[in-house]
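See below for the structure under consideration.
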Amino acid sequence: MASIDNSAPDRLTPQQRWARSEANCCFVCGPGNPIGLHLVFHLDDEVCRAEFTPGQHHVGYGGVLHGGILYSALDDVMANVLYLRGLQAVTARCEIRYRGEPVKVGTKILLEGRLRRRKGPLAIIEGKALREPDGEVVAECEGSFMVQGDLPDLE
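Residue numbering for the sequence shown follows this note's numbering, starting at 32 and increasing by one per position.
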């Protein structure tokens, strides 16, 4: 592992920030978690994105992705809308709706998170999981995230 220059925190890549942070062992995105999903999030304009292809160890039954794994990935894509802007937040509430056919092992899904609005100290964020290659929405959710510290103008 490459060493990290602690004297220049503004020059760290997202992966280096995670390696230094408490998120290093996050089940969804932590590079230091040996059993985690190791998703890599990035901002594309105002949308946070990631890709995930479930394997055999992500199933609930019958070769189908476990809904809790999909929820965890969506929770993280929403949280990273804020994290990748330098903010830390925790999930206050989240409602998910699974749609269409369940996701089978080996099927790539695209994850998207978008800030919808602010409500006091909360950021309301939408998450979607889309099946590749047809773009069918397999799950969508809306989460309220309690931002730690001041919530700057994000819109």
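Every residue gets a Cβ at the ideal spot worked out from N, C-alpha and C, and that includes glycine. No experiment lies behind these values; they were computed from the predicted model shown.
**OP:** Would you tell me roughly how many angstroms separate the C-alpha atoms of PRO85 and VAL108, rounded to the nearest one?
**Re:** In the sequence shown, the residue the question calls residue 85 occupies position 54. In the sequence shown, the residue the question calls residue 108 occupies position 77. If I take the Cα positions, the gap works out to 16 Å.
Original post:
Under the three-state reduction of DSSP, which class applies to CYS172: helix, strand or coil?
Top reply: For the purposes of this step, residue 172 is taken as the residue at position 141 of the sequence shown. It is a strand residue.
**OP:** Output the boundary residues of the alpha helix (DSSP H) element that contains ASP234.
**Re:** The requested residue 234 is not part of the displayed model; the chain covers only 32 to 186.
**OP:** Check the C-beta distance from LEU146 over to ALA160 and give it rounded, since I have them as a contact under 8 Å.
**Re:** Position 115 of the sequence shown, counted from the first residue, corresponds to residue 146. Position 129 of the sequence shown, counted from the first residue, corresponds to residue 160. With 8 Å as the limit, LEU146 and ALA160 do not qualify as a contact, their Cβ atoms being about 18 Å apart.
Original post:
Identify the residues that DSSP records as bridge partners of HIS73: which are they?
Top reply: Residue mapping note: residue 73 aligns to position 42 of the sequence shown, counting from 1. In DSSP, HIS73 forms a bridge with ARG80.
Original post:
What does DSSP give as the partner residues of GLY166 in its beta bridges?
Top reply: Looking up residue 166 in the sequence shown gives position 135. Answer by DSSP bridge pairing: none, since GLY166 is not bridged.
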